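*Asks:*
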Amino acid sequence: MADVKTSVIRALKEMALSLKLEGANAFRIQAYEQAARQLAGVSEDRLLELVRTGRLTTLVGIGPSLAEHVTELVNTGQLTGLEELTERYPDELRALVRLPSIGPRRALALWEALGTADPAALVEACQQGRVREIPGFGRNSEQTLLASLQQLLGEGLTDRRPLAEVLPEAERLLAYVQQGPGVVRASLAGSVRRFAETVGDVDLVASAPRARAVLDHFTRWPDVVKVRGSGESLASVILDSGLQVDLRVVRDADFATALHHFTGSKAHNVRLRTLARRKGLTLSEWGLHDLKGRKKRVTDEDGLYALLGLPFIPPELREDTGEIQAALAGDLPDDLVTEKDVLGIVHSHSTWSDGRSSLREMALAARSLGMQYLTVTEHSQTAGYAGGLTPADVRRQWREIDALNRELGPHFRLLKGIESDILEDGRLDLPDAMLTQLDLVIASIHARHGMDGARMTHRVLTAMDHPRMDILGHPTGRLILRRPPYDLEMKRVLERARQTGVVLEVNGNPNRLDLSGAHVREAMDRGVRLCLSCDSHSTAELGHLRFAVATARRGWARRSAVVNTLPAADFVSTLRGNHP
Ligand code: DGT
Ligand code: CA
Ligand code: CA
Ligand code: ZN
């Protein structure tokens, strides 16, 4: 009976929520909420004693009528009227009211207008723009609602995390599995291998003659706190970080098809299976078979795609967004950008503004990564909270840049730039006389995110029209799982980028990934150019490049569309060629 208190508190909270939906008197609602809070601070034994002796009203905030309700709850487990109220409003509606971005009135408005409170259905309604039509909503609140619904859904399933939070641990675990007894091959699979923005769990696939021995090795990894399941060929564990990891071990002859299957996405697999069937083959977790059930020999994923009449489709593209049709038609990009193509680090901060490494440390680190240049793009003066530089500071910084270039050149160069704030009216944050002296100008929004769509779009387009604007930094402003994009008409931004030659950033900060893969794809369709940037605030964050590259690949970006695949001089002159 240790749970009486918990269920009493839960009932009181449910009552408060139901009364909110009823539009009841605020004092009545508060009485229930306050009682729930009070009881949370009282032990179970003490609660039972107060009920027995009729002294509940000695607790602050519990009056005679609530004392009666609590007594009823403790004695009968029921609360008069609660059940009736609970039945009137479905659980999904109750979950909706609890979202921080939405109150009971708007939850009800949604429920009534759309006839459902199912979060997945609401996500779809947001995506179709049907929510903004409902009185009390607009584009902005539709976006906010969408973000919190997606979070709700994610948490409901597995508690998704940004990929970058998971990847280092996943890679350490992969290295450990590779050392397992008899392991021939091992790889990351699932959403991690596809470089999805967020990850539910980590999947690994390995091949070895004896699966059991490898699985035992796997479950002995020191960070494993719980083994959820372990079978003939599969083990699933929880790490102390809360992360779930699944490992499948197969015979090496099955490795390629197993790796392919567990890389997904599910939608990609389903479409590929349909294609296989048309060729008289069946494709499954167990491999590729002909109609007589004979297994085809498949040694790697290249071979699997070849048997299906396709070129290799990289994991980042396997989302069933047309990649199989494009591959059949020979329309997949043949020069998909890779990390090796990138010659310069774009968008970096140092201790001159809000970075944690000195300019010299940043330069040395970039050079040791094999880069030919690093753009020095500190914040501008309006970004005072981020140590933004005044024009005088910028001039002083040039002296240090010149000295470092003499020291580290000629095969490595620091380029003089700035990350200018885009001010509220779309102006840039430095005088034109200085902007023209810089090698490159990134302009980004860092304040007043909440402007309505028309004004925000005007603000960004105005900045893009500035002849010294080279690159639009983190164009949508979204923070993964935390903040929805600005209210911005992306189609017009993309169109303006095409007209002016302004380059759109693919920001590799794993919390941003902005542009997203989907927007990169739209940019590619319109002939808009990209730069793959790190937005690094320390030498370690030069590693963000890999996320920028992966995000660009998820949007089918070609090397030829990426400006920082050019050597330094060409990079600067191609930016200068903007604004025809
Ligand atoms: P996640 O973990 O939610 O970030 O996303 P995934 O894609 O890693 O999904 P997960 O871990 O459930 O499964 C890994 C892969 O296994 C998935 O991408 C495709 C494959 N798979 C899982 N379940 C199914 C299924 O029911 N049908 C098919 N065709 N493939 C599946
Ligand atoms: Ca997974
Ligand atoms: Ca999984
Ligand atoms: Zn920045």
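Just so we're aligned: the sequence shown equals residues 4 to 583 in our numbering.
Glycine included, each C-beta is placed from N, C-alpha and C at the ideal position.
Predicted, not measured: the structure shown is a model, and the values here were computed from it.
1. Could you check where the alpha helix (DSSP H) with ILE327 kicks off and where it finishes?
2. Report the residue from GLY312, ALA128 and VAL340 whose alpha carbon sits nearest the alpha carbon of ALA553.
3. Within 10 Å of its beta-carbon, does TRP2 have 16 or more other beta-carbons around it, so buried, or fewer, so exposed?
4. Select from THR503, LEU346, SER268 and LEU411 the residue whose C-alpha is nearest the C-alpha of MET472.
5. Please state whether the Cβ-Cβ distance between PRO317 and ARG515 is less than 8 Å.
6. With respect to 7 Å, is the separation between the Cβ of ASP586 and the closest non-hydrogen atom of ligand 2 below this value?
7. GLN181 lies in the alpha helix (DSSP H); which residues open and close that run?
8. Evaluate ARG163 with the Cβ neighbour count: other Cβ atoms within 10 Å of its Cβ, from every protein chain shown; 16 or more gives buried, anything less gives exposed.
9. Among VAL205, GLU200 and ARG213, which residue has its Cα nearest to the Cα of GLN247?
10. Pairing CB atoms from the region 422-434 with CB atoms from the region 375-383, are three or more of them under 8 Å?
11. How should LYS295 be labelled, buried or exposed, when 16 other C-beta atoms within 10 angstroms of its C-beta is the threshold for buried?
12. Does the count of Cβ pairs from the region 303-310 and the region 260-278 closer than 8 Å reach three?
13. Taking only heavy atoms of ligand 3 into account, decide whether any of them is closer than 7 Å to the Cβ of ASP249.
14. According to the neighbour-count rule (16 or more other Cβ atoms, all chains shown, within 10 Å of its Cβ), is GLY480 buried or exposed?
15. Under the three-state reduction of DSSP, which class applies to LEU160: helix, strand or coil?
16. Is any beta-carbon of chain B found at less than 8 Å from that of GLU47?
17. Within the same chain, show all residues whose beta-carbon is closer than 6 Å to that of ARG196, passing over the 5 residues directly before and after it, in chain order.
18. Is the Cβ-Cβ distance between LEU313 and LEU331 less than 8 Å?
19. Would the beta-carbon of GLY290 be found less than 7 Å away from any heavy atom of ligand 5?
20. For GLY245, is the beta carbon positioned less than 7 Å from some heavy atom of ligand 2?
21. With DSSP collapsed to three states, give me the class of ILE137.
22. Would you check if the distance between the CB atom of VAL531 and the CB atom of GLY558 is smaller than 8 Å?
23. When you compare each of THR378, LEU42 and PRO212 to CYS537 by their alpha carbons, which one comes out closest?
24. Under 8 Å by Cβ, that's how I've got TYR376 and GLY347 pegged, so tell me the actual separation to the nearest angstrom.
25. Considering only C-alpha positions, which residue in the set ARG58, ASN512, PRO470 and ASP226 is nearest to LEU482?
26. Just to confirm, does GLY480 get its C-beta within under 7 Å of one of the non-hydrogen atoms of ligand 2?
27. Which first and last residues belong to the alpha helix (DSSP H) in which ILE12 is found?
28. Kindly give me the distance between the Cβ atoms of SER244 and GLU172, rounded to whole angstroms, as I take these residues to be in contact under 8 Å.
29. Go through its chain and collect everything with a Cβ distance to ILE32's Cβ below 7 Å, but skip five positions before and after it.
30. Nearest to ALA123 by alpha carbon, out of ILE137, LEU148 and SER353?
31. Just the C-alpha distance for SER576 and GLN130, rounded to the nearest angstrom, thanks.
*Replies:* From the atom records:
1. 326-332
2. VAL340
3. Past the boundaries of the shown model lies residue 2; the chain is included only from 4 to 583, so the question cannot be answered.
4. THR503
5. no
6. Because the chain here runs from 4 to 583, residue 586 falls outside it and cannot be looked at.
7. 166-181
8. buried
9. VAL205
10. yes
11. exposed
12. yes
13. yes
14. buried
15. Because LEU160 carries a pLDDT of 43, less than 50, the predicted location of this residue cannot be relied on, and the following value inherits that uncertainty. Three-state result, LEU160: helix.
16. Of the protein chains in the structure, only one exists, and it is not chain B.
17. THR266 and PRO318
18. yes
19. With respect to small molecules bound, the structure shown includes ligand 1, ligand 2, ligand 3 and ligand 4 and not ligand 5.
20. no
21. coil
22. no
23. THR378
24. 4 Å
25. ASN512
26. no
27. 7-25
28. 7 Å
29. ALA19, LEU22 and LYS23
30. LEU148
31. 40 Å
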